[in-house]
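Notes for the one structure printed next.
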Amino acid sequence: MSSVRSAGLPVVNAETPAVLTLPGRVARDEVAGLCARVRALLEATGAGVVVCDVGGLGPPGLAAVDLLARLELAARRAGGRIRLRDPDPALSALLDVVGLRFQMEGQVEEGEPALGVEEAVETGDPAV
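In this text, residue positions in the sequence shown follow our numbering: the first is 66, and each later residue adds one.
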(Lines of atoms letter the chains of each structure in order from A and count residues from 1; the text may use other names and numbers.)
(Lines give C-alpha, C1' and ligand atoms only; values in the text may rest on other atoms or scores of the structure.)
Protein backbone atom coordinates (compact mmCIF):
# COMPACT_ATOMS: atom_id res chain seq x y z
CA MET A 1 0.00 0.00 0.00
CA SER A 2 1.41 3.38 -0.90
CA SER A 3 0.31 6.91 -0.36
CA VAL A 4 0.80 9.97 -2.45
CA ARG A 5 2.99 12.65 -0.89
CA SER A 6 1.47 16.05 -0.89
CA ALA A 7 3.36 18.84 -2.53
CA GLY A 8 4.46 21.55 -0.14
CA LEU A 9 5.98 21.86 3.27
CA PRO A 10 5.73 19.10 5.85
CA VAL A 11 3.45 19.67 8.80
CA VAL A 12 5.53 20.60 11.85
CA ASN A 13 4.37 21.10 15.41
CA ALA A 14 5.91 24.46 16.36
CA GLU A 15 5.10 23.90 20.04
CA THR A 16 7.50 20.97 20.43
CA PRO A 17 11.13 22.01 20.13
CA ALA A 18 13.70 19.77 18.51
CA VAL A 19 16.23 18.07 20.78
CA LEU A 20 19.96 17.97 20.08
CA THR A 21 21.75 15.49 22.33
CA LEU A 22 25.35 16.52 22.81
CA PRO A 23 27.76 13.59 23.06
CA GLY A 24 30.50 13.36 25.67
CA ARG A 25 33.42 15.64 25.02
CA VAL A 26 33.10 17.56 21.78
CA ALA A 27 36.24 18.07 19.72
CA ARG A 28 36.98 21.56 18.41
CA ASP A 29 36.45 20.45 14.79
CA GLU A 30 32.93 19.16 15.64
CA VAL A 31 31.64 22.54 16.86
CA ALA A 32 30.91 23.97 13.39
CA GLY A 33 28.86 20.89 12.50
CA LEU A 34 26.82 21.13 15.70
CA CYS A 35 26.17 24.84 15.04
CA ALA A 36 24.96 23.98 11.54
CA ARG A 37 22.73 21.30 13.03
CA VAL A 38 21.16 23.81 15.46
CA ARG A 39 20.43 26.18 12.58
CA ALA A 40 18.94 23.33 10.52
CA LEU A 41 16.73 22.18 13.41
CA LEU A 42 15.42 25.71 13.96
CA GLU A 43 14.69 26.05 10.27
CA ALA A 44 13.00 22.65 10.01
CA THR A 45 10.78 22.94 13.09
CA GLY A 46 10.02 26.63 13.17
CA ALA A 47 9.74 26.31 16.95
CA GLY A 48 12.27 29.01 17.77
CA VAL A 49 13.95 26.82 20.40
CA VAL A 50 16.29 23.85 20.22
CA VAL A 51 16.67 21.85 23.41
CA CYS A 52 20.29 20.82 23.96
CA ASP A 53 20.60 17.76 26.17
CA VAL A 54 23.90 18.43 27.96
CA GLY A 55 23.66 15.58 30.47
CA GLY A 56 26.38 13.62 28.70
CA LEU A 57 28.94 16.44 28.37
CA GLY A 58 30.90 15.17 31.34
CA PRO A 59 32.82 17.40 33.73
CA PRO A 60 32.25 21.05 32.85
CA GLY A 61 35.10 23.18 31.62
CA LEU A 62 35.76 26.13 29.39
CA ALA A 63 35.43 23.93 26.30
CA ALA A 64 31.80 23.21 27.25
CA VAL A 65 31.19 26.92 27.91
CA ASP A 66 32.68 27.79 24.51
CA LEU A 67 30.54 25.15 22.78
CA LEU A 68 27.31 26.36 24.40
CA ALA A 69 28.12 29.99 23.65
CA ARG A 70 28.71 29.15 19.98
CA LEU A 71 25.49 27.10 19.79
CA GLU A 72 23.52 29.98 21.32
CA LEU A 73 25.10 32.44 18.86
CA ALA A 74 24.24 30.18 15.92
CA ALA A 75 20.67 29.83 17.19
CA ARG A 76 20.25 33.58 17.66
CA ARG A 77 21.57 34.27 14.18
CA ALA A 78 18.91 31.87 12.90
CA GLY A 79 16.21 33.67 14.90
CA GLY A 80 15.98 31.22 17.79
CA ARG A 81 17.48 30.17 21.11
CA ILE A 82 18.78 27.07 22.80
CA ARG A 83 17.46 25.63 26.05
CA LEU A 84 19.59 23.34 28.19
CA ARG A 85 18.29 20.00 29.42
CA ASP A 86 19.84 18.14 32.35
CA PRO A 87 22.82 20.44 33.02
CA ASP A 88 25.29 19.41 35.68
CA PRO A 89 25.04 21.80 38.67
CA ALA A 90 28.75 22.57 38.22
CA LEU A 91 28.09 23.55 34.59
CA SER A 92 25.27 25.87 35.66
CA ALA A 93 27.58 27.46 38.24
CA LEU A 94 30.38 27.86 35.67
CA LEU A 95 28.00 29.50 33.20
CA ASP A 96 26.96 31.92 35.94
CA VAL A 97 30.60 32.72 36.73
CA VAL A 98 31.39 33.60 33.12
CA GLY A 99 28.16 35.58 32.79
CA LEU A 100 26.27 33.40 30.31
CA ARG A 101 22.58 32.97 30.95
CA PHE A 102 20.73 30.08 29.37
CA GLN A 103 17.16 28.98 29.73
CA MET A 104 17.10 25.64 31.51
CA GLU A 105 14.34 23.09 31.13
CA GLY A 106 12.17 22.93 34.19
CA GLN A 107 12.94 26.48 35.29
CA VAL A 108 10.25 29.07 35.40
CA GLU A 109 10.60 31.69 32.70
CA GLU A 110 11.15 35.25 33.81
CA GLY A 111 7.94 37.04 34.66
CA GLU A 112 5.90 33.88 35.13
CA PRO A 113 4.89 32.49 38.53
CA ALA A 114 6.03 28.99 39.39
CA LEU A 115 3.45 26.26 38.85
CA GLY A 116 1.17 25.80 41.82
CA VAL A 117 1.99 29.22 43.29
CA GLU A 118 -0.88 31.60 43.78
CA GLU A 119 -0.64 35.18 44.93
CA ALA A 120 -2.41 35.74 48.19
CA VAL A 121 -4.28 38.93 48.87
CA GLU A 122 -4.78 40.13 52.40
CA THR A 123 -8.23 41.48 53.09
CA GLY A 124 -8.10 45.20 53.53
CA ASP A 125 -5.14 45.66 51.17
CA PRO A 126 -5.71 48.59 48.81
CA ALA A 127 -5.99 47.76 45.13
CA VAL A 128 -2.84 48.53 43.17
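Note that the Cβ used here is the ideal one computed from N, Cα and C, for glycine as well.
Here the structure is a predicted model, which is why all the values come from computation and not from measurement.
Among all the DSSP beta bridges, which residues are the ones paired with residue i?
i, result
"residue 150", "118"
In whole angstroms, what separates the C-alpha of residue i from that of residue j?
i, j, result
"residue 104", "residue 146", "10 angstroms"
"residue 125", "residue 153", "8 angstroms"
"residue 144", "residue 108", "9 angstroms"
"residue 155", "residue 111", "32 angstroms"
"residue 93", "residue 132", "9 angstroms"
"residue 84", "residue 106", "8 angstroms"
"residue 166", "residue 134", "10 angstroms"
"residue 114", "residue 151", "16 angstroms"
"residue 127", "residue 188", "52 angstroms"
"residue 123", "residue 160", "15 angstroms"
"residue 91", "residue 130", "11 angstroms"
"residue 86", "residue 120", "8 angstroms"
So for residue i, helix, strand or coil by DSSP?
i, result
"residue 109", "helix"
"residue 91", "coil"
"residue 85", "strand"
"residue 188", "coil"
Using the beta-carbon count (16 or more within 10 Å), is residue i buried or exposed?
i, result
"residue 88", "exposed"
"residue 170", "exposed"
"residue 138", "exposed"
"residue 148", "buried"
"residue 163", "exposed"
"residue 101", "exposed"
"residue 97", "exposed"
"residue 158", "exposed"
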